[in-house]
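Just so you know, we're using my numbering here: the sequence shown kicks off at 24 and counts up by one.
From the three backbone atoms N, C-alpha and C, an ideal C-beta is built for every residue, glycine too.
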Amino acid sequence: MNKRKLYSYLGTGILALALFITFMFLLVFISRMFYMGYKVISWEFIFSAPRNAMTEGGIYPAIVGTFWLTTLAILIALPLGVLTAIYLTSYGKPVWMVKVLKIAINTLAGTPSIIYGLFGMAIFVSFMGFDVSLLSGSLTLAILALPMIINTTEEAIRTVPQDFEHASLALGATKRQTIMRVILPTALPNILTGTIISIGRIAGETAPIMFTAATFFSRRLPKGVSDEVMALPYHIYALMTEGTHARSQVPIAYGTALVLLMMVLIISAVAIYIRYSIRRKRKW
């Protein structure tokens with residue numbers, strides 16, 4: 024056996040070991056969460072409000088609050104992120120300004136989420152007067168998701184062969200028509216991938232909504248964007264850190280975490296199915 028094959032087998036073995044270790048950690052994590060949380064899962068737990076100092080009842084207001092926070096944040100961040108990526112890849116001039124913008128975007132991508140929470144509290148809650156509300160939390164989460172959406176959309180656009188653009192322009196299409204009818208539809212599956220990752224991240228964030236949107240306890244659902252809401256991540260945090268009845272509240276916290284995980288997986292599965300359907304239609 025020569026050195027090249029030996030190095031190849033060694034590298035493959037290291038990669039397989041890394042995959043196995045990662046899978047085992049994931050399996051232990053999910054198994055522990057399921058074991059601790061499945062006991063409290065029921066229709067009443069999902070569709071009822073908490074009661075008796077959050078030692079009984081369910082998490083329905085927190086589910087609704089998380090859904091609206093995530094949905095509004097994506098509706099705000101996705102068009103802004105896609106338009107920004109289009110500008111950077113197709114219209115960005117001068118070059119120095121594009122470089123500065125990319126540095127700023129990458130810096131935002133590495134900023135801790137607690138900083139976004141403080142920013143949202145200072146700007147949306149205090150300065151703009153939105154108070155602690157669904158609107159303030161959604162705007163804060165949208166800013167959190169923007170760097171990831173911009174970067175993934177930019178990479179998706181760059182993966183589109185330049186021949187597509189040249190052929191469209193040669194046939195008489197304008198640059199705007201080429202972007203809207205050729206480049207974006209081709210890059211759409213990869214754009215959806217970035218959106219899926221963004222949904223998973225913002226749905227599980229606690230720090231950004233702690234100061235801008237979340238309330239410790241509420242039995243009612245939000246009636247508008249000016250209302251404060253319960254949210255699954257903050258509900259878990261409150262039960263594990265501020266609860267006074269650990270014996271009954273810890274299982275509820277694990278059950279809430281299990282529901283949050285399933286919620287993110289369902290949303291991701293729907294988005295992946297849509298992406299797969301688009302790719303399959305394009306092959307035909």
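Which of the three DSSP states is assigned to residue i in this structure?
i: Pro-135; result: coil
i: Pro-1; result: Any question about residue 1 goes unanswered here, given that the chain covers just 24 to 307.
i: Val-252; result: strand
i: Gly-80; result: strand
i: Ala-237; result: strand
i: Glu-265; result: coil
Taking the C-alpha atoms as reference points, what is the distance between residue i and residue j?
i: Met-286; j: Leu-33; result: 39 Å
i: Arg-303; j: Leu-101; result: 24 Å
i: Ile-225; j: Gly-115; result: 28 Å
i: Leu-131; j: Phe-142; result: 12 Å
i: Ile-44; j: Tyr-83; result: 36 Å
i: Lys-122; j: Pro-170; result: 15 Å
i: Ser-65; j: Tyr-257; result: 21 Å
i: Ile-166; j: Ile-290; result: 20 Å
i: Leu-288; j: Ile-259; result: 18 Å
i: Leu-40; j: Asn-213; result: 28 Å
i: Tyr-299; j: Thr-182; result: 18 Å
i: Val-293; j: Ile-301; result: 12 Å
i: Ala-237; j: Leu-284; result: 19 Å
i: Ser-71; j: Glu-265; result: 21 Å
i: Ala-190; j: Pro-184; result: 10 Å
i: Leu-42; j: Leu-49; result: 11 Å
i: Ile-126; j: Ile-146; result: 23 Å
i: Ile-37; j: Leu-124; result: 38 Å
i: Gly-195; j: Glu-188; result: 11 Å
With a CB to CB cut of under 6 Å and the five nearest residues on each side skipped, what residues in its chain are close to residue i?
i: Ala-230; result: Ser-136, Ile-137 and Gly-140
i: Ser-271; result: Thr-78
i: Phe-234; result: Gly-140 and Met-144
i: Met-263; result: Ala-276
i: Phe-239; result: Ala-261
i: Ser-241; result: Pro-84 and Met-253
i: Leu-95; result: Ser-161
Does the beta-carbon distance from residue i to residue j come in below 8 Å?
i: Thr-216; j: Thr-175; result: yes
i: Ser-113; j: Ala-168; result: no
i: Leu-158; j: Ile-232; result: no
i: Pro-245; j: Trp-119; result: no
i: Ile-180; j: Ile-206; result: yes
i: Pro-73; j: Gly-60; result: no
i: Val-148; j: Glu-251; result: no
i: Ser-161; j: Ile-99; result: yes
i: Ala-210; j: Gly-88; result: no
i: Ile-172; j: Gly-247; result: no
i: Gly-278; j: Val-63; result: yes
i: Ala-280; j: Met-47; result: no
i: Ile-69; j: Val-282; result: yes
Can you give me the Cβ contacts of residue i inside the same chain, cut-off strictly under 7 Å, excluding the 5 residues immediately before and after it?
i: Ala-76; result: His-268
i: Thr-93; result: Ile-222, Ile-225 and Ala-226
i: Pro-208; result: none
i: Phe-153; result: Phe-147 and Ser-159
i: Glu-228; result: Ser-136, Leu-164, Leu-167 and Pro-256
Whose C-beta lies closer than 8 Å to the C-beta of residue i among residues of the same chain, with five residues either side of it excluded?
i: Arg-177; result: It should be pointed out that residue 177 corresponds to Glu in this sequence rather than to Arg. Ala-108, Leu-111 and Thr-112.
i: Ile-297; result: Leu-215
i: Leu-192; result: Lys-198 and Thr-201
i: Pro-274; result: Met-59, Gly-60, Lys-62 and Val-63
Is the shortest distance between the beta-carbon of residue i and the beta-carbons of chain C less than 8 Å?
i: Ala-210; result: No chain C is present in this structure, which holds just one protein chain.
Any beta strand (DSSP E) of 3 or more consecutive residues that is wholly inside the segment 99 to 185
none
I'd like the ranges of any beta strand (DSSP E) spanning at least 3 consecutive residues and lying wholly in the segment 190 to 235.
none
May I have a chain-ordered list of the beta strand (DSSP E) segments no shorter than 3 residues that lie completely inside the segment 36 to 87?
none
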